[in-house]
Amino acid sequence: MLKNKNSSAIVAVKDLDRARAFYSDVLGLNLADTANEGMLGYRTGNTWLTVYQSAFAGTNQANAVSWDVGVELDDIVAALKAKGVAFEHYDEMPREGDVHLCGTMRMAWFKDPDGNILHLVGQTGAA
């Protein structure tokens, strides 16, 4: 039923202007849809990331969005860090700098201004 359908992420935020600055300026996403009041739509790869205003913003304590960035992980982490993004460190996982290691996967986590956890995934041997 859904196996050949794209999925997308939806993230709750308190302040749309602050979210627009973060997702557009810091993450470099292109704002593609502002037709619905209280919502921002970003194209990301072949899917959408929808950011919407909600009183429940920042209450999720698990990953809200994940990007498979392949061999670009280290470059993306460095670019985001240069823009002031602080990366999460989880002591239960080995890591090199801000990148956690788990088998063949390399991962980094950071939060948006509302505390939503965003996740980057790459592979071992990434440049």
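Using my numbering, read the sequence shown as starting at -12 and increasing by one per residue. Beta carbons are placed, not taken as given, at the ideal position from N, Cα and C, and that holds for glycine. Please read all numbers here as calculations on a predicted model, not as lab measurements.
Query: Given residue 96, which residues of its chain have a CB within under 8 Å of its CB, disregarding the five upstream and five downstream residues?; Result: 50, 74, 75, 77, 87, 104, 105, 106 and 107
Query: Count the other CB atoms, across all protein chains shown, that sit within 10 Å of the CB of residue 109; report buried if there are 16 or more and exposed otherwise.; Result: buried
Query: Could you tell me which residues DSSP puts in a beta bridge with residue 76?; Result: In DSSP, residue 76 forms no bridge with anything.
Query: Have a look at the DSSP bridge pairing and note the partners of residue 27.; Result: 38
Query: Could you tell me which of -5, 19 and 25 sits nearest to residue 2, measuring between CA atoms?; Result: 25
Query: Taking C-alpha atoms, which residue in 85, 48 and 46 lies nearest to residue 63?; Result: 85
Query: Based on Cα-Cα distance, which residue from -7, -2, -12 and 91 lies nearest to residue 40?; Result: -2
Query: Using alpha carbons as the reference points, say which of 93, 44 and 54 lies closest to residue 33.; Result: 54
Query: Express the C-alpha separation of residue 27 and residue 70 in angstroms, rounding to a whole number.; Result: 22 Å
Query: Quick one: what's got a C-beta closer than 7 Å to residue 72's C-beta in the same chain, skipping five residues either side?; Result: 13 and 97
Query: Which class does residue 57 belong to by DSSP, given the choice of helix, strand or coil?; Result: helix
Query: If I follow the unbroken alpha helix (DSSP H) through residue 99, where does it start and stop?; Result: No alpha helix (DSSP H) holds residue 99; DSSP gives it neither H nor E.
Query: Using only CA atoms, which one of 21, 0, -4 and -9 lies nearest to residue 102?; Result: 0
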